[in-house]
Structures are given as C-alpha cells and as structure tokens.
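Start counting the sequence shown at 7; every next residue gets the next number (my numbering). Even for Gly, the Cβ is constructed at its ideal location relative to N, Cα and C. Notes follow once the structure below has been shown.
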Amino acid sequence: FDSNNPISLRTNKKMDSRTSFLTFLLCIFLFSHFSPSDSKSIKNDPLSFSPSASLPTLTAERLIKGFNLMPKSDVNVISEDGSEAPRLVEREFDLPAAIDRRDSSGSPSLQDFGHHAGYYKLPNSKAARMFYFFFESRSNKADPVVIWLTGGPGCSSELALFYENGPFTVTNNSSLAWNDFGWDKASNLIYVDQPVGTGFSYTSDESDLRHDEDGVSNDLYDFLQAFFKEHPQFVKNDFYITGESYAGHYIPALASRVHRGNKNKEGTHINLKGFAIGNGLTNPEIQYGAYADYALDMKLISQSDHDNLSRNYAACQQSIKECGADGGEACASSYVVCNNIFQKIMNIAGNVNYYDVRKQCEGSLCYDFSNMEKFLNQKSVRKALGVGDIEFVSCSTAVYDAMQMDWMRNLEVGIPPLLDDGIKMLIYAGEYDLICNWLGNSKWVHEMEWSGQKEFVSASTVPFHVDNKEAGLMKNHGSLTFLKVHDAGHMVPMDQPKAALQMLQNWMQGKLGTPTGRTARQ
C-alpha cells in the first residue's frame, strides 16, 4: 500500500480545536486526576460527582505541559474517494536511520528479518482502517505469535514497540538501535494501533469510534482472521495476547472473543494458548480499593490519611456497582467519584512519579517519549511504512472520551471460563507502580472465583530468578500465574527488559511457576 492506494490518506482533517490532546499520563497507561490544591492532608469529605473537577479533557489540558508528547491531531479522521480497497494490504519495510545494524552478538541486521506494516479495512465500520506492525521472529518462525495491545484507552502500541519490547528503540537523534531484549527474540510479534483513531489508524467517519469492549474485541478478532489469512504459515503456531494498563480491559475481552470464535467454528481457528496483562486495570472495584493500602505501604500517605480514604472508598464502590447494573451516566459518575481517591493521594504525595514511586517528576516532566513521535512523522519513515500523509497520533483524546463509559466495567468476569478451559493467564506487575499497582492486581486475582481458586490462594510464593538473582516473586496454580516484578514500575519491559523477555519465554514454555501440565482446550 502507498499514497496512491485508495486505502491511504487523502487529507488529514483536524478534530475540534478546543480539545487538547491527552497527555502520555492519561493515554498510554491509565489515568491521573490532580486538583490544583496544594493541601497535604485529606478532609473526610464525601466523594461525589463533580463535573467541573475531573472531566478527562480538562485534566488533559492541565497536564499536557508536563509531557513532551504533542500529537498534531487528536484522532485521524480523513476523507476518501469512496472507491473500494482490499480488506488487508501489507508491505515489507526497511526503516531509515537504523544506526546499529547488528545486535551485540553479531546477529544479522534488523533488515534481514521479515518486518511488515499494513492496514486492515474493518468490515463492521463505515470507513475504518486499522494499522499494524508485524515482526517475524529473529529466532524461529515456529515461535508463538504474540499480539501486543497498549492501553489508554486511545494510545498507540508504537509506544511499547519503541520504548519497551520491540525489535528496536528510537534514540535521541531520531535513529534506531537494536533492542537485545525485544520480544521478537521469542515470538512473531504484532503491534496494533487500536481502537481506530489511534496511531496511524484512521477513519473517514467519526461514528466508527468504539465505545465498549464488544466493539473493540470484534474489530481485533476480524483483524486476526484477516492476518492469518494473509500469513497462513503461522496459523498453527501457538497464539498469545499481551499488553499493558488499560489493556487489562482489552485483553480479557479479546481472549473471550477468540475462544468463542474457536468454539463456534467461526472462520480460521486461532490457536489461543494464553494471555498476559502487565500492570493492568481489570477489576476497578477491587483495584481502586487498594490505592490507600498501597500508598500507605509505600509511605506516600499517613495512617490518618489512609483511614479517611478507606471510609471514602464506600462511595466509589457503590458507584461502580451502579455502573455495572445501569451503564450510561452511572458509569460517568463512577469514573469521577473513584478517581477522586487517586487525586487525593496525589495531593498528599506531591511530585512523585505515579508510574514509579521511587522517582520524582523533575519539574513537571516524568517521561519524555517525543523522540518516537518525531521519528514516525518523518516523511522518509511514513514513506517506508506506506502511510501516505497521515500524521502519527500518539494518544487520542477522542478515542479516550469515546471509551469513558467502559472504564469502570469489570472485565474479570469473563476470565474464569478461559482458565477452566486451560487457557493460561499471566498477571504481572512492577512493584513500584502506583497507578495500576501490584497490590490491587494481586487482590483481584486472589478474589476471583474459578475452579482453582482455593488451590491458587494456598499456593506457595516462590522467587522468579534471572541470572541467578531474584527478579520477582510469583505464585501459580493450573492456568493462573501472578508475578510481582522487582525494581520495576508501570512499564516492566522498559524498566527490566531482560527479566520481561525471560518472563515471556518461560511462561509460554510452561516453565514459569509450578505448572500442572494442563493444556488449553479450544
């Protein structure tokens, strides 16, 4: 595909200029709502719906100055000539500026492997095209196929590709360097820009924006069907779904959709073996309840603050229950009520980095990912990828807002049937992340009702070793593994790349924890 293909960009129409772009804070990994208050203590006031205090766009406008990540458009909405295009169009690519042509072991260069980029025309849309990268394994084409989904909602998976677990990283001078711990060393690796409007994905009709996990998971399932039709040589490979943060919503929904498609014999059978969520948001009711406990454990708040927050949590819990029962405005209210808990913690903690509490945000900056955006918006790079004149959108405010009613939904509910059918689940979390902390993830995993719950709860916690050193603590029973990763924050593959790669390899090979030898039933 190229700029002459009807699938490519014709014009890049701007969205409403009043909407500021979500910061990396709000988009890539989850949520954060400060108030302007400098107060260092909590008043025991009831948490209530306050539209003026915590609307996502207003929060983004306050926080955007803290991150050097400024997309030119908050969603890619373009105009087309109305002609039909193939469902999936893909090309091999050779990115410019690869300064390190060989990895540290002297292996072949990046460009000697199969690197692909493409667009998929979503069938259940008016004009949506989903962009993706596909990197064939550096090691063995028989390795599992792994798909990675970044959260937000509304942030591009290229953030993980270039800063966490992709085959290369982007440097300060907008060049590429080899990543010795890229997950393509152990898998055939897919990154997808989704939901539509994120990254290089685009549409000519705003009605194509998704609002819930049904829409998101159906789009991804349709994409996977087209992907395996394009690459039939990978159909029999094991398949795993992975991702981070708000992907704690996406991943269980997609795993359930794939499993249902297999059972119903819809299209191509996808050899789903497992799914892994890193520092995710999956069960908000339990995870929001863990904020005060984690903040106290990390000495971010006092015991008195903790007690007040714990009392206030009742309003959050009730609002989540109403969201689950009624949906709609109840979910909008719950979003605001519950995020006030996090806001109050941050008022006390001050300038702490909520993705890694060991660190302070120097000035207002915590992370700077602008090099990736500059690189991907270079004309030479866009030409290599075949995206025409489309400008890369790191994080989309429009997508984020469209998915707001989905935020407080509990995605844990679909997991037990998957586990009981032998599909593996790995929940891992860096121990220094506040925003999707390991404690909240551990709590929902332990409280989840499934056939192996009793045995999992009573299982021993054992060390996870890398280079004969303890790199984490884990427990396992049957299809379920939980791993707390040492010396890592929200982005485990960025903070501990070697440990993250070994974790993935061991888990896919059934060597992480104490596996029982059960195999997935499709």
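Contact check for L165 against M509 fails: the beta carbons are separated by 8 Å or more. With 16 or more other Cβ atoms inside 10 Å of its own Cβ, H483 counts as buried. For the set G172, H452, G428, S386, the Cα lying nearest the Cα of H265 is the one of G428.
Beta-bridge pairing by DSSP links M431 to F281, L486. Going by DSSP, N474 is part of no alpha helix (DSSP H) at all; its letter is neither H nor E.
In the structure shown, T156 adopts coil according to DSSP, grouped into three states. The Cβ neighbour count for Q515, taken over all protein chains shown within 10 Å, is under 16; the residue is labelled exposed.
In its chain, beyond the 5 residues on either side, Y438, G495 have a beta carbon closer than 6 Å to the beta carbon of D362. Boundaries of the beta strand (DSSP E) around N194: 194-198. For F139, the enclosing beta strand (DSSP E) begins and ends at 135-141. Spanning the alpha carbons of F119 and L315 requires a straight line of approximately 52 Å. Its Cα nearest to that of F141, the residue S193 stands out among F462, E272, N270, S193. Within the same chain, E418 come within 6 Å of M454 by CB-CB distance, once the 5 residues on both sides are set aside. Counting the other Cβ atoms within 10 Å of the Cβ of P201 gives 16 or more, which makes it buried.
When G188, E170, S131 are compared, the shortest CA-CA separation from R144 is found for G188.
H312 and L302 have their C-alpha atoms spaced approximately 7 Å apart. In the three-state reduction of the DSSP assignment, A506 falls in the helix class, which pools H, G and I.
In the structure shown, C401 adopts extended strand secondary structure according to DSSP, grouped into three states.
Here H496 carries a coil assignment [DSSP, helix/strand/coil]. When rounded, the separation of the alpha-carbon atoms in S325 and K517 is 41 Å. Secondary structure at F381: helix, using DSSP grouped into helix, strand and coil. If you look at V176, you'll find it in the beta strand (DSSP E) that goes 174-176.
Rounded to the nearest angstrom, the gap between the Cα atoms of E219 and Y197 is 18 Å. Annotation for G254: I283, G286, L287, T288 place their beta carbon closer than 6 Å to its own, counting only its chain and skipping 5 residues before and after. S485 is positioned such that its CB atom lies closer than 8 Å to that of M431. Sequence-distant Cβ neighbours of E170 in its own chain, meaning closer than 7 Å and more than five residues away, are M497, P499, M500. Exclusion of the five residues before and after L440 leaves Y360, V363 as the residues of its chain whose Cβ lies within less than 6 Å of its Cβ.
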